[in-house]
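**Student:**
Numbering (my numbering), first residue to last: 1359 to 1552.
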């Protein structure tokens, strides 16, 4: 969570606290990672073992280096497509590359509902499913496909929403109380001056 707080700091407001980071389940990405590891990392090592000669050596090193960069890119693509659950809102971060990122924010007061759908054998076994956060005013819903532990996401999000609404209600209550006191004091001052 410490790393997440550092990496996602740019998406947070000044006094906003990151409570949870919801990712796609890592199991759902195994094909992408397996292809990258085999094609970009294992094959150059095998070719290096078979042909360790000088002209090919540079080719295998270049191939392996590109493979490492590609693997890091795939890992970053998985890691940075997230929902950031904070004490004030939910932030949907979409990472489409190093120079292409976007984020959308949904305040807790604008949430209509949260649903999740766990489908299939692997989804049931590994505990992943599609999670949808419905907006109360417009149709800009947040969808995190193949989210890891959707029930946990629901529980954390609803707890944070309840805490936010409770603190907002208390804050509004205190402001209203202060306004009433000021009105009574002004009214009392008017009566005393007459």
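A virtual CB, placed ideally from N, CA and C, is assigned to each residue, including glycine. Small disclaimer: the values here were computed from a predicted structure and weren't measured.
(1) Nearest to residue 1507 by CA position, among 1521, 1360, 1531, 1477, is which residue?
(2) With distances taken Cα to Cα, identify the nearest neighbour of residue 1611 among 1419, 1364, 1540, 1370.
(3) Kindly list the residues whose CB is nearer than 7 Å to the CB of residue 1435, restricted to its own chain and excluding five residues on each side of it in sequence; keep chain order.
(4) Grab me the residues of residue 1481's own chain with a C-beta within less than 7 Å of its C-beta, minus the 5 sequence neighbours each way, in chain order.
(5) What does a CB cutoff of less than 6 Å around residue 1519 pick up in its chain, not counting 5 residues either side in sequence?
(6) Could you give the distance in angstroms between the alpha-carbon of residue 1409 and the alpha-carbon of residue 1417?
(7) Can you look up residue 1493 in the DSSP assignment and give me helix, strand or coil?
(8) Going straight from the alpha carbon of residue 1470 to that of residue 1491, what length do you get?
(9) Can you say whether residue 1425 is buried or exposed, counting buried as having 16 or more other CB atoms within 10 angstroms of its CB?
(10) Roughly how many whole angstroms lie between the Cα atoms of residue 1502 and residue 1402?
(11) Cα separation between residue 1521 and residue 1367?
(12) Which one or two residues does DSSP pair with residue 1340 in a beta bridge?
(13) Is the region 1384 to 1396 in contact with the region 1442 to 1457, if contact means three or more CB pairs nearer than 8 Å?
(14) Relative to the C-alpha of residue 1379, which candidate in 1360, 1532, 1423 has its C-alpha closest?
(15) Between the Cα of residue 1376 and those of 1448, 1498, 1395, spot the shortest distance and give me the residue it belongs to.
(16) Drop a sphere of 10 angstroms on the beta-carbon of residue 1511, count the other beta-carbons inside from all chains shown, and report buried for 16 or more, exposed for fewer.
(17) Looking at residue 1438: is its Cβ nearer than 9 Å to the Cβ of residue 1538?
(18) So what's residue 1468 in DSSP terms, helix, strand or just coil?
(19) In this structure, what does DSSP give as the bridge partners for residue 1500?
(20) Kindly indicate which three-state DSSP category residue 1475 falls into: helix, strand or coil?
**Tutor:** Working from what's here:
(1) 1477
(2) An answer regarding residue 1611 cannot be provided, because it is not within the stretch 1359 to 1552 covered by the chain.
(3) 1453
(4) 1487
(5) 1466
(6) 11 Å
(7) strand
(8) 8 Å
(9) buried
(10) 35 Å
(11) 22 Å
(12) It is not possible to answer for residue 1340, since the shown part of the chain is limited to 1359 through 1552.
(13) no
(14) 1360
(15) 1448
(16) buried
(17) no
(18) helix
(19) 1491
(20) strand
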